[in-house]
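Shown next, in structure tokens, is the structure this report addresses.
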Amino acid sequence: MPKDEHPIHEITLLRHGESEGNAGGYYQGQADGFPLTERGREQVWALAVYWQSTGVTFDTCIASPLSRARETAEIIADILGLEVEIDPIWLERNNGKFAGLHNSEVEKAPRDERPTIYTPIGETGETEWELYLRGGRAMQSLLHRPAARYLVVSHGAILNATLRATLGVRPQAMFRGVWFHFRNAAFASLTYSPDSDRWGVYGVNQRPHWDDER
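What follows is the structure in structure tokens.
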């Protein structure tokens, strides 16, 4: 990301490495029984080493409290010499009664045939609107801090909501509309300049450290 004489926020949004839930086809949500797989740990270690070798570093590392994100952050922090802050605003989407179920079970569950952005997921979970608002608050929490280099380790749905809220992409019902891909251990790079009130987007779903054939 470019250097400027004026202070800017440099923000990296990272999805956790592959978890046991990802590998097994589970709807994880805020269920916390899905640690990283060995492959997931390798993905994260490779990213940390890549950043170290290319001179990338951060002033602050913030993670979701869920174990798959927290472990991802801890691996990176250990290699880059960082401390990890835990902030529940970066939790994955609350997907209600779907949390912890296998994808095949979720597919059989009754659905609202005409969902809106105000329809809870999994009967009791967050609506698209609630998730969108939380994503905006999550980004605002970074902008309330001094301009610096921030690494956030979180989850696909909340990172999507954060990007949509930041970039002014309105939410749509139940996974319709714009979706920003985040593979496991992939990241988005953004900057924000308070002086010009201008965002820069330098990449989404970046994974230069990991060959998809591995």
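Position one of the sequence shown corresponds to residue 114 (our numbering), numbered consecutively onward. Glycine included, each C-beta is placed from N, C-alpha and C at the ideal position.
Shortest alpha-carbon distance to residue i belongs to which of the options?
i      : options                        : result
Lys221 : Ala144, Phe211, Pro228, Ile230 : Phe211
Arg107 : Val162, Asn135, Leu214, Ala161 : It is not possible to answer for residue 107, since the shown part of the chain is limited to 114 through 327.
Arg277 : Ser306, Leu126, Glu226         : Leu126
Phe300 : Val291, Tyr263, Tyr245         : Tyr263
Val291 : Asp310, Tyr245, His119         : Tyr245
Arg247 : Gly138, Ile271, Glu226, Gly194 : Ile271
Thr173 : Pro307, Pro228, His122         : His122
Trp203 : Leu280, Asp308, Gln253         : Gln253
Leu280 : Val266, Glu226, Phe295, Asp310 : Asp310
Tyr140 : Pro120, Arg250, Asn208, Leu193 : Asn208
Leu303 : Gln285, Gln319, Asn297         : Gln319
Leu214 : Gly316, Gly142, Val282         : Gly142
Name, in chain order, the residues that DSSP records as bridge partners for residue i.
i      : result
Pro132 : The sequence as given places Ser at residue 132; Pro does not occur at that position. DSSP lists Leu149 as partners of Ser132.
Leu214 : Tyr140
Val317 : None, per the DSSP bridge assignment.
Arg311 : Ser306
Leu127 : Val266, Phe300
Are the CB atoms of residue j and residue i within a distance shorter than 9 Å?
i      : j      : result
Val157 : Ile199 : no
Val162 : Ala176 : no
Arg206 : Ile230 : no
Arg128 : Gly269 : yes
Ala186 : Val266 : yes
His322 : Leu160 : yes
Gly249 : Thr232 : no
Is residue i helix, strand or coil by DSSP?
i      : result
Ile121 : coil
Tyr245 : helix
Arg250 : helix
Glu326 : Residue placement at Glu326 is poorly supported in this model, since its pLDDT is 49, which falls under 50; the coordinates are not used for a value here.
Glu236 : coil
Glu226 : coil
Taking 8 Å as the cut-off, is the beta-carbon of residue i closer than that to any non-hydrogen atom of the ligand PLP?
i      : result
Ala176 : As for the ligand PLP, it is missing from this structure, which has no ligand bound.
At which residue ranges does the segment 263-303 contain complete alpha helix (DSSP H) runs of 4 or more residues, listed in the order of the chain? 269-280
As an exercise, report each continuous alpha helix (DSSP H) stretch of at least 4 residues that is fully enclosed by the segment 134-209, in chain order. 151-166, 180-193
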